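Down below is the structure, laid out as structure tokens.
Protein chains in written order, with the numbering used here: chain A, 72 to 186; chain B, 1457 to 1569.
Structure (structure tokens):
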């Protein structure tokens, strides 16, 4: 049973065009993350929301935006896609308290291809 | 900054034989949790096991790992692999007081008949 869902599974985008990826979770987790995964590289944290507070990594600060209109939903927005954005984008959620804090629950990912 | 190193990109093992996937790390944090995630083909990565206690063996689904802070390692082992263990395995760490989870580049385990 997948409780973190990502849409779409595959996305084709043109260079210079915007891209919006969607993630939802049903576990009432307070934190939601977006990772970028390229072949033979470690998943790279792009940003995360703790509750309504957005935290973006310094090296990707200007490249990615995000919104979290409610606890269950989080989007990743690219204003102008470049070829270097082609990757798998993984959404994950976690909760900050309790014995399993920082255990991530992942969606299956969205594979973005920029042409 | 924190880092996790998985030196093997691909490990091929014959069914029924043992396997060890290497994971070493660097971190400045003192209160850290360590994870192994597994990703089967076309599925989401999911937690395999986690630990934050030095020198304590943690087991799940036939896999086990022991955190050794003295050698900064958290290797994953299984005594007898199955075909169904073929997957991509990620080692990761997290500062337990923070939010960030740092991943290694992953090791693909291929189990052959």
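C-beta: ideal position from N, C-alpha, C; glycine also. For clarity, every value in this text was computed on a predicted model and none was experimentally measured.
Contact defined as beta carbons within less than 8 Å: I believe residue i pairs with residue j. What is the distance between those atoms, to the nearest angstrom?
i	j	result
residue 174 (chain A)	residue 1503 (chain B)	6 Å
residue 116 (chain A)	residue 104 (chain A)	7 Å
Could you compute how far the alpha carbon of residue i sits from the alpha carbon of residue j?
i	j	result
residue 157 (chain A)	residue 135 (chain A)	13 Å
residue 1491 (chain B)	residue 1548 (chain B)	5 Å
residue 1534 (chain B)	residue 88 (chain A)	46 Å
residue 1560 (chain B)	residue 85 (chain A)	30 Å
residue 1508 (chain B)	residue 1495 (chain B)	22 Å
residue 1493 (chain B)	residue 176 (chain A)	10 Å
residue 1459 (chain B)	residue 1545 (chain B)	16 Å
residue 111 (chain A)	residue 1530 (chain B)	20 Å
residue 46 (chain A)	residue 1472 (chain B)	Outside the modelled stretch of chain A, which goes from 72 to 186, sits residue 46 (chain A), for which no answer is possible.
residue 1464 (chain B)	residue 1565 (chain B)	9 Å
Quick check on the DSSP output: the beta strand (DSSP E) that includes residue i runs from which residue to which?
i	result
residue 1567 (chain B)	1563 to 1568
residue 1505 (chain B)	1502 to 1507
residue 1521 (chain B)	1519 to 1522
residue 1551 (chain B)	1543 to 1551
residue 1537 (chain B)	Careful: residue 1537 (chain B) lies outside any beta strand (DSSP E) and carries neither H nor E.
On the CB-based measure, 16 or more other CB atoms within 10 Å of its CB, does residue i come out buried or exposed?
i	result
residue 1457 (chain B)	exposed
residue 160 (chain A)	buried
residue 1500 (chain B)	buried
residue 144 (chain A)	exposed
residue 106 (chain A)	buried
residue 154 (chain A)	exposed
Using a Cβ-Cβ distance under 8 Å, would residue i count as near chain C?
i	result
residue 181 (chain A)	Among the protein chains of the structure shown, namely A and B, there is no chain C.
Check distances from the C-beta atoms of the segment 117 to 143 of chain A to those of chain B and list, in chain order, the residues that come in under 8 Å.
119, 121 and 126
Please name the residues in the segment 1489 to 1501 of chain B whose beta-carbon is closer than 9 Å to at least one beta-carbon of chain A, in chain order.
1489, 1491, 1493, 1495, 1498, 1499, 1500 and 1501
Within 7 Å of chain B by C-beta, residues of the segment 96 to 118 of chain A in sequence order
102, 111, 112, 113, 114 and 116
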